[in-house]
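Peer 1: Residues in the sequence shown are numbered from -1 upward in steps of one, following the numbering used here.
Every residue gets a Cβ at the ideal spot worked out from N, C-alpha and C, and that includes glycine.
Before I ask anything, let me first share the structure, which is written out below as structure tokens.
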Amino acid sequence: MDFTLPDTAQAVQEGVRAIGARYDHAYWSRLEEEHRFPWEAWRDLADGGWLGLTVPEEYGGGGQGMLELAVACETLAASGGTGGIFLYILTPGFGATTLTRHGTEEQKRALLPGLAAGDVQFCLGLTEPDAGSDALSIRTRAVRDGDDFVLDGQKIWISGLENADWMIAVTRTVPAGDAKPRTSGFTLFLIDVKQAAEAGTLRWTPIPKMGSNVVTSSQVFLDGVRVPAANVIGEVDHGFAVLWDVLNPERILAAAGGVGTADAALDVAVRYANERVVFGRPIGANQAIQFPLAQIKAKAELGRLMTYKAAWLFDNDLPCHAETNIAKLTGAQVGWEAAERAFQTFGGMAYSKEYPVERLFRDARIARNIPVAEELVLAHIGTQVLGLPRSY
């Protein structure tokens, strides 16, 4: 597929692929078992400039776009780092892309160089116990108090907080019941995580989970977190437009991770199907093994093209809500189908931790539920693309 990419994206693909080759499936499986962040891979990616791709050059970054970032995320996943896609979603996606588009000059000068160098990490505080896919129902409040805002509320499934220096917190500065329209009254803040934790106003508890344990996901409690008004991203009460510029990159990168996961699963499945001999021939010669893998290959290429299209639209400031949703849907589905088919190809050996299939299987499944459930994606396509009536 290199011929479809501009030179900049091809350079990213080659660079990240070279780093990915240093961190094989055994590395990612070991870190998954240890519940440990991939600091070695993180530092190599940072030193190569592959984390600061979307940071403008004047702040020490690569000055590239979402297409290049998506290619980097896809390539890392394809190398075996399927849980490692959070390295791209959290800091380059949430942090660098959001600040580059919506940060003040002071915020950019203070944070973007560290983001580009890999010395600063970000997370996003959006989801709440009673507000997952229904982001309009969040209850975390931010109230003005002199030159500060005071934040109170609860967030859940916040990934990467244990290493984060900053959290982008999505709050209500106008209660949902008073907001007209409902998309008004949102404000996004930069929370200094370590400062708030030391003050005792921000606490978190890790959530035991099935996979992707190279990054912790936590329940978070905000109890009087003080944030300077200078840390508002965008405008007070008008943060929903900024939020879309957070969510669309998240969906594009999740789609890229899904396609990369499909590549990784296909690679291990095809190699095993060529090597495993049963009844005197490789099992890959059997159409029951071969045809499903060929079908997934076709789906992966289609998902890849839609992901690239969504990223290109985003980079060119064109409407891309439908495309990011379709990319996320197809990327997540083909990543899961590839992992499931690889599992079946390995037969009983798929259960063995000797092979990476069981980890790919666990990492791939969550993408159909996050960052947005595929049912809500289908509802968006049905109502906003096809023009069918709403059911909610």
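Taking the alpha-carbon positions, what's the V383 to G256 distance?
Peer 2: For the purposes of this step, residue 383 is taken as residue 385 along the sequence shown, with counting starting at 1. For the purposes of this step, residue 256 is taken as residue 258 along the sequence shown, with counting starting at 1. Spanning the two alpha carbons is a distance of roughly 23 angstroms.
Peer 1: Among P226, D176 and A298, which has the Cα closest to the Cα of F147?
Peer 2: The residue you call residue 147 lines up with position 149 of the sequence shown. Out of P226, D176 and A298, P226 has the C-alpha closest to the C-alpha of F147.
Peer 1: On the three-state DSSP scale, how would you describe C318?
Peer 2: For the purposes of this step, residue 318 is identified with residue 320 of the sequence shown, where counting begins at 1. Coil.
Peer 1: Between which residues of its own chain and Y21 is the CB-CB distance below 6 angstroms, once the five residues before and five after are set aside?
Peer 2: Here residue 21 refers to the residue found at position 23 when the sequence shown is read from its first residue. Answer for Y21: A39, listed in chain order.
Peer 1: Among L186, R363 and E352, which has the Cα closest to the Cα of T259?
Peer 2: Reading the sequence shown from its first residue, position 261 is the one you call residue 259. Minimum Cα distance to T259 is reached at R363.
Peer 1: If you follow the beta strand (DSSP E) that A177 is part of, which residue opens it and which one closes it?
Peer 2: Here the question's residue 177 lines up with position 179 in the sequence shown. It is not in any beta strand (DSSP E) - A177 carries neither H nor E in the DSSP assignment.
Peer 1: To the nearest angstrom, how far is it from the Cα of G79 to the Cα of I156?
Peer 2: For the purposes of this step, residue 79 is taken as residue 81 along the sequence shown, with counting starting at 1. For the purposes of this step, residue 156 is taken as residue 158 along the sequence shown, with counting starting at 1. Cα-Cα distance, rounded: 20 angstroms.
Peer 1: Output the distance between the C-alpha atoms of L300 and A197, rounded to the nearest integer angstrom.
Peer 2: Residue 300 sits at position 302 when you count from the first residue of the sequence shown. Residue 197 sits at position 199 when you count from the first residue of the sequence shown. Roughly 49 angstroms separates the two Cα atoms.
Peer 1: Evaluate the contact criterion for the stretch 275 to 289 versus the stretch 350 to 362: three or more CB pairs, one atom per stretch, below 8 angstroms.
Peer 2: No, the stretch 275 to 289 does not touch the stretch 350 to 362.
Peer 1: Locate the alpha helix (DSSP H) running through W408, then write down its first and last residues.
Peer 2: Here the chain comprises residues numbered -1 to 390, so residue 408 is not present and cannot be evaluated.
Peer 1: Verify whether the separation of the beta carbon atoms of V172 and T98 is less than 8 angstroms.
Peer 2: In the sequence shown, the residue the question calls residue 172 occupies position 174. In the sequence shown, the residue the question calls residue 98 occupies position 100. Against a cut-off of 8 angstroms, the Cβ pair of T98 and V172 comes out as no contact.
Peer 1: State whether the stretch 79 to 92 contacts the stretch 202 to 213, with contact taken as three or more CB pairs (one from each stretch) at a distance under 8 angstroms.
Peer 2: These segments touch.
Peer 1: Between which two residues does the beta strand (DSSP E) carrying M165 extend?
Peer 2: On the sequence shown, position 167 is the one that residue 165 refers to. Residues W164 to R170.
Peer 1: Are the beta-carbon atoms of S182 and D243 separated by less than 8 angstroms?
Peer 2: Taking the sequence shown and counting its residues from 1, one reaches residue 182 at position 184. Taking the sequence shown and counting its residues from 1, one reaches residue 243 at position 245. Taking 8 angstroms as the Cβ cut-off, S182 and D243 do not qualify as a contacting pair.
Peer 1: Use the C-beta contact count for G346: other C-beta atoms within 10 angstroms, 16 or more gives buried, fewer gives exposed.
Peer 2: On the sequence shown, position 348 is the one that residue 346 refers to. With fewer than 16 Cβ atoms within 10 Å of its Cβ, G346 is classed as exposed.
Peer 1: What are the boundary residues of the beta strand (DSSP E) that includes Q293?
Peer 2: Taking the first residue of the sequence shown as 1, we reach residue 293 at position 295. Segment Q285 to D313 is the alpha helix (DSSP H) holding Q293; no beta strand (DSSP E) there.
Peer 1: Quick check on the burial criterion: 16 or more other C-beta atoms within 10 angstroms. Buried or exposed for R279?
Peer 2: Within the sequence shown, the letter at position 281 stands for residue 279. Burial call: exposed.
Peer 1: Where do the N-terminal and C-terminal ends of the beta strand (DSSP E) with F147 fall, by residue?
Peer 2: Here the question's residue 147 lines up with position 149 in the sequence shown. Segment D146 to S157, the beta strand (DSSP E) holding F147.
Peer 1: What residues in its chain sit with their C-beta under 7 angstroms from that of A267, if we drop five residues either side in the sequence?
Peer 2: Within the sequence shown, residue 267 is the residue found at index 269, counting from 1. L291, R339, A340 and T343, listed in sequence order.
Peer 1: Do you know how far the Cα of A296 is from the Cα of G151?
Peer 2: Mapped onto the sequence shown, residue 151 falls at position 153. Mapped onto the sequence shown, residue 296 falls at position 298. Distance between the alpha carbons of G151 and A296 is about 45 angstroms.
Peer 1: Using 8 angstroms as the Cβ pair cut-off and three pairs as the minimum, do the stretch 238 to 253 and the stretch 91 to 108 touch?
Peer 2: Cβ pair count under 8 angstroms is three or more, so yes.
Peer 1: So, with DSSP's three-state summary, where would you put T98?
Peer 2: Here residue 98 refers to the residue found at position 100 of the sequence shown. Of the three classes helix, strand and coil, the one that applies to T98 here is helix, per DSSP.
Peer 1: Taking C-beta to C-beta, are I324 and I368 nearer than 8 angstroms?
Peer 2: On the sequence shown, position 326 is the one that residue 324 refers to. On the sequence shown, position 370 is the one that residue 368 refers to. Not a contact, by the Cβ cut-off of 8 angstroms.
Peer 1: Go through its chain and collect everything with a Cβ distance to A66's Cβ below 7 angstroms, but skip five positions before and after it.
Peer 2: Within the sequence shown, numbered from 1, the residue matching residue 66 stands at position 68. Residue 66 is actually Glu in this sequence, not Ala. Hits under 7 angstroms: T6, A7, V10 and L51.
Peer 1: Leaving aside the five residues before and after L113 along the sequence, list all residues of the same chain whose C-beta is less than 7 angstroms from its C-beta, in chain order.
Peer 2: As a working mapping, residue 113 is identified with position 115 in the sequence shown. So the qualifying residues of the chain are G50, V53, T89, G93 and A94.
Peer 1: Could you check if Q62 is buried or exposed, using at least 16 other CB atoms within 10 Å of its CB as the buried criterion?
Peer 2: Stepping through the sequence shown from its first residue, residue 62 is reached at position 64. Q62 comes out buried.
Peer 1: Note the first and the last residue of the continuous beta strand (DSSP E) segment covering Y141.
Peer 2: What you label residue 141 is simply residue 143 of the sequence shown in a count that begins at 1. The sequence shown places Val at residue 141, rather than the Tyr named in the question. Note, V141: beta strand (DSSP E), R139 to D143.
Peer 1: Between the stretch 189 to 196 and the stretch 98 to 107, do three or more beta carbon pairs fall short of 8 angstroms?
Peer 2: Taking 8 angstroms as the limit for Cβ pairs, the verdict is that the stretch 98 to 107 does not touch the stretch 189 to 196.
Peer 1: By the DSSP assignment, the beta strand (DSSP E) with W202 in it spans what residues?
Peer 2: Counting from 1 along the sequence shown, the entry for residue 202 is found at position 204. Element bounds for W202: L200 to P204.
Peer 1: F187 and N229 - do their beta-carbons sit closer together than 8 angstroms?
Peer 2: Numbered from 1 along the sequence shown, position 231 holds the residue referred to as residue 229. Numbered from 1 along the sequence shown, position 189 holds the residue referred to as residue 187. Yes, they are a contact pair.
Peer 1: Where does E372 fall in DSSP's three states?
Peer 2: Your numbering for residue 372 matches position 374 in the sequence shown. Looking at E372 - three-state DSSP - the assignment turns out to be helix.
Peer 1: Based on Cα-Cα distance, which residue from L43, P111, L303 and M165 lies nearest to Y57?
Peer 2: As a first step, residue 57 must be located in the sequence shown, where it is residue number 59. Checking every option, the nearest Cα to that of Y57 belongs to P111.
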